[in-house]
Amino acid sequence: MTDLHAVPARVRAGSPNPITDLDRYREHAARAAANPDGFWLEETRRRVAWRTEPTQGLASSFHDIAQGPLSWFGDGRLNITESCLDRHLATQGDKVAILWEGDEPGDCRTLTYRELHAEVCRTASALQRLGLKRGERAIIYMGMVPEAAIAMLACARLGAIHSVVFGGFSAEALRDRIRDCSAEVVITQDEGRRAGRTIPLKATTDLACTGETGVKKVLVYRRTGAPVEWTEGRDVWWHDVVPQGDAALPATECAAEDPLFILYTSGSTGRPKGVVHTCGGYITWAQYTHRTVFDLRDDDVYACVADVGWITGHTYIVYGPLANGATTLMFESTPLYPDSGRYWDLVQRHGITIFYTAPTAIRALAACGDEHVSRYDRSTLRVLGTVGEPINPEAWNWYYDVVGEGRCNIVDTWWQTETGGICLTPIAPATPTKPGSATLPMPGILPSLRTPEGRVIRGPGEGLLCIEQPWPGQARTVWGDHERFVATYFGMFPGLYFTGDGCKRDADGYYWITGRVDDVLNVSGHRMGTAEFESALVSSEAIAEAAVVGFPHPIKGQGVYAYVVLQSGQALTDDLEQTMQGVCRTRIGAHARVDRLQVVPGLPKTRSGKVMRRLLRKIAEGRGDELGDVSTLADPTVVDAIRAGAQRG
Ligand code: WT7
């Protein structure tokens with residue numbers, strides 16, 4: 112195993128983590144595989160504040176998934192906010208729970224566990240008075256302010272189900288989500304702040320709530336003080352109702368399998384899916400993985416610089432760290448504001464020990480030059496994490512050598528919205544790393560590589576990544592559409608969870624994710640469906656047909672390549688191009704930009720009318736001369752025309 116990076120000594124020393132070396136990792140993994148019920152019941156009883164401890168482990172199996180959702184810890188009762196807040200009051204009420212840094216450097220707020228507990232209770236009590244009840248849905252459409260986390264926890268305190276919608280999504284996307292889950296309440300803020308600019312969150316909420324949506328109340332947190340439109344009877348200021356709330360509001364007792372939240376994510380159709388996570392299993396997985404993978408210690412200052420609008424923010428800014436009683440940083444700005452030293456300025460000023468970000472940010476920063484890193488003191492850093500897309504070895508090495516000065520462990524964590532938490536990863540103190548590999552499965556995760564026909568690949572090889580056995584943190588269903596859940600994740604290989612990713616396993620048993628094999632794009636860590644772009648584009652009157660694929664992009668990981676067929680009489684002008692970007696922005700959101708646009712005479716289709724996306728992908732990758740046999744196309748000549756007009760970077 113010559114290309115392995117040994118775990119740095121300072122990461123190994125003094126860890127309270129149960130998994131401190133590779134032997135112990137293997138022992139835990141073997142126990143979790145042999146007796147999942149026993150293993151996870153023991154872990155959850157030790158780690159989670161249950162009101163009634165569960166005696167049941169897993170009910171049902173992947174083979175019976177069509178009959179109904181999986182159940183973990185089915186007879187347990189709890190409210191997960193007691194794990195995240197109440198139980199810490201006696202032991203560490205004055206410890207900082209949330210450390211917030213605003214858009215402007217040094218604009219900071221802290222909330223201790225005692226303060227956070229009181230604020231969550233007051234907010235829950237205010238929401239209760241606005242009519243929100245157990246099992247009802249609240250949409251949270253906010254920026255990165257502590258109140259976003261408070262709103263999530265306040266819903267959870269009532270047993271209500273939150274669905275956070277990333278602040279970059281458009282009014283149409285927000286409205287679709289409000290409608291899909293029949294939300295009663297929307298929680299938003301006047302404006303968001305990001306990189307010196309403002310984001311009109313309340314105005315977008317107003318647009319999303321026009322017409323019939325069923326939204327009864329909109330709770331508005333004041334962040335910037337900008338004037339906003341007001342709908343009397345519906346809109347309520349946070350500062351008018353939260354301060355009067357009950358600061359000791361008792362938590363509502365929930366069943367282990369009550370939904371905790373819905374998070375919408377893109378798949379291979381134009382309609383995003385509301386992935387449902389439930390209370391008991393999710394909080395167990397969030398707590399366990401956050402403690403073990405990052406090797407969490409009591410005095411850590413932990414920073415995950417994702418957005419709460421994505422699953423990373425849910426599990427590794429809010430639920431995992433708070434369940435572990437950690438100090439978790441919330442960051443409102445971007446890595447490039449006011450300059451590309453911002454992350455390391457944060458590390459120096461706050462003494463950050465664990466830092467978790469995405470490969471796209473690492474690549475963007477590496478391109479800005481090492482001096483932006485080296486002018487800050489990073490000696491507190493111990494563990495560096497990455498998530499969201501495959502990390503190329505060059506970026507991995509830059510993170511290790513330049514940011515971590517060769518002293519820190521890198522954890523390349525592979526997981527998905529649907530998995531709830533980390534599944535393939537090094538465990539910081541235990542696992543020797545290889546640049547570019549997510550290394551080994553977490554205890555309880557049994558990966559299986561398959562051929563497209565479903566044949567098992569044993570030993571080294573490359574195939575489709577599946578998981579063989581249920582684990583507590585995984586999504587249970589798609590909101591309102593269990594059939595779609597079953598078809599999407601269990602339809603390809605019955606009895607197996609199919610991830611949608613391709614993956615290699617090397618001779619040491621290490622896993623190397625090669626990327627999505629379906630029609631999902633991963634652009635700067637944002638997951639988007641090609642079908643969402645296509646349906647946005649064809650909604651423009653000028654466009655007859657569109658096919659969208661990804662292409663390798665040096666910073667973003669993947670870029671968006673759109674092939675469009677114009678309506679007759681139309682020509683590509685700057686105006687038309689603006690219109691196309693505009694429809695993507697209004698239908699999806701500000702983060703949905705087409706990077707390359709090519710007008711083509713027609714799309715390559717089979718005689719049965721199916722677009723051969725494989726060819727389009729090859730051409731977008733600049734490999735148009737490796738198309739192979741195109742004779743099954745209805746009109747093979749379109750390929751030549753597409754190849755000739757292909758857009759290059
Ligand atoms: C997809 C899931 C998990 C939170 C952020 C993304 C890709 C994620 C890695 C990694 C290679 C990765 C996969 C996966 N992905 N982490 N460490 N190495 N690829 O969550 O939006 O649900 O996207 O992100 O393709 O399927 P998501």
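In case it helps, our numbering puts the sequence shown at residues 112 to 760.
Positions of the beta carbon are idealized from the N, C-alpha and C atoms, including for glycine.
Which of helix, strand or coil does DSSP assign to residue i?
| i | result |
| --- | --- |
| A655 | strand |
| C534 | coil |
| G626 | strand |
| D736 | helix |
| N190 | coil |
| L312 | helix |
| N146 | coil |
| S274 | strand |
| I502 | coil |
| T464 | coil |
| H637 | strand |
| T113 | Note that T113 scores a pLDDT of 47, beneath 50, so its modelled location is shaky and nothing firm can be said. |
| V484 | helix |
| I130 | coil |
| G179 | coil |
| W211 | strand |
| W526 | coil |
| F184 | coil |
| P663 | strand |
| L726 | helix |
| V494 | strand |
| H702 | coil |
| V770 | Since the displayed the chain opens at 112 and closes at 760, residue 770 lies outside it and no answer follows. |
| L222 | strand |
| R489 | coil |
| Y621 | coil |
Please confirm if residue i has its CB atom under 9 Å from at least one CB of chain D.
| i | result |
| --- | --- |
| Q398 | Here chain D cannot be found, since the structure has a single protein chain. |
Rounded C-beta distance between residue i and residue j? I'm assuming under 8 Å.
| i | j | result |
| --- | --- | --- |
| L440 | H425 | In fact, because the Cβ distance is near 15 Å, the residues do not count as touching under 8 Å. |
| G700 | S281 | 5 Å |
| W183 | G431 | The Cβ separation is near 17 Å, so there is no contact. |
| D469 | G620 | Strictly speaking, residue 469 in this sequence is Ala, with Asp absent from that position. Incorrect: roughly 26 Å between the Cβ atoms, too far for contact. |
| T588 | F601 | Not quite, the Cβ-Cβ distance comes to about 12 Å (not below 8 Å), so this is no contact. |
| E415 | Y427 | One detail in the question is off: residue 415 reads as Cys in this sequence, not Glu. Confirmed, Cβ separation roughly 5 Å. |
| A117 | P543 | 6 Å |
| V671 | V659 | 6 Å |
| L727 | P712 | Not quite, the Cβ-Cβ distance comes to about 14 Å (not below 8 Å), so this is no contact. |
| A337 | D301 | 5 Å |
| E193 | A160 | 5 Å |
| V634 | G613 | Actually they are not in contact, since the Cβ atoms of V634 and G613 sit about 18 Å apart, beyond 8 Å. |
Run the CB neighbour count on residue i, radius 10 Å, all protein chains shown included, and call it buried at 16 or more, exposed below.
| i | result |
| --- | --- |
| N146 | exposed |
| M112 | A caution first: M112 carries a pLDDT of 45, below 50, which makes its placement in the model unreliable, though a value can still be read off. Per the 10 Å Cβ criterion, exposed. |
| P249 | The sequence shown places Ala at residue 249, not Pro. That one is buried. |
| Q678 | exposed |
| S651 | buried |
| Q355 | exposed |
| Q692 | exposed |
| R486 | exposed |
| P583 | buried |
| D418 | buried |
| R268 | buried |
| V631 | buried |
| D512 | exposed |
| P501 | buried |
| T610 | buried |
| R334 | buried |
| Q669 | buried |
| Q689 | exposed |
The stretch 375-390 contacting the stretch 636-643, beta-carbon criterion three pairs below 8 Å: yes
Three or more C-beta pairs below 8 Å linking the stretch 293-301 and the stretch 315-334: yes
Counting pairs of beta carbons, one from the stretch 185-192 and one from the stretch 203-213, are three or more of them closer than 8 Å? no
Enumerated in chain order, which unbroken segments of the beta strand (DSSP E) with a length of 3 residues or greater are wholly contained in the stretch 341-372? 346-348
Closer than 8 Å is the cut-off here; do at least three beta carbon pairs connect the stretch 259-272 with the stretch 222-241? yes
Measuring CB atoms only, is the stretch 475-484 touching the stretch 500-519, in the sense that at least three cross pairs come out at less than 8 Å? yes
Check whether the stretch 545-563 and the stretch 142-162 are in contact - that is, three or more C-beta pairs closer than 8 Å. yes
Which complete beta strand (DSSP E) runs does the stretch 397-441 hold, if anything under 3 residues is left out? 412-415
So, does the stretch 577-591 touch the stretch 646-662, judging by three or more C-beta pairs under 8 Å? no
If you scan the stretch 551-603 from start to end, which runs of the beta strand (DSSP E) of 3 or more residues do you find wholly inside it? 558-561, 572-578
contact_flag[the stretch 351-368, the stretch 232-251] where n(CB pairs < 8 Å) is 3 or more: yes
Check whether the stretch 337-356 touches the stretch 601-610, taking contact to mean three or more Cβ pairs, one atom from each stretch, closer than 8 Å. no
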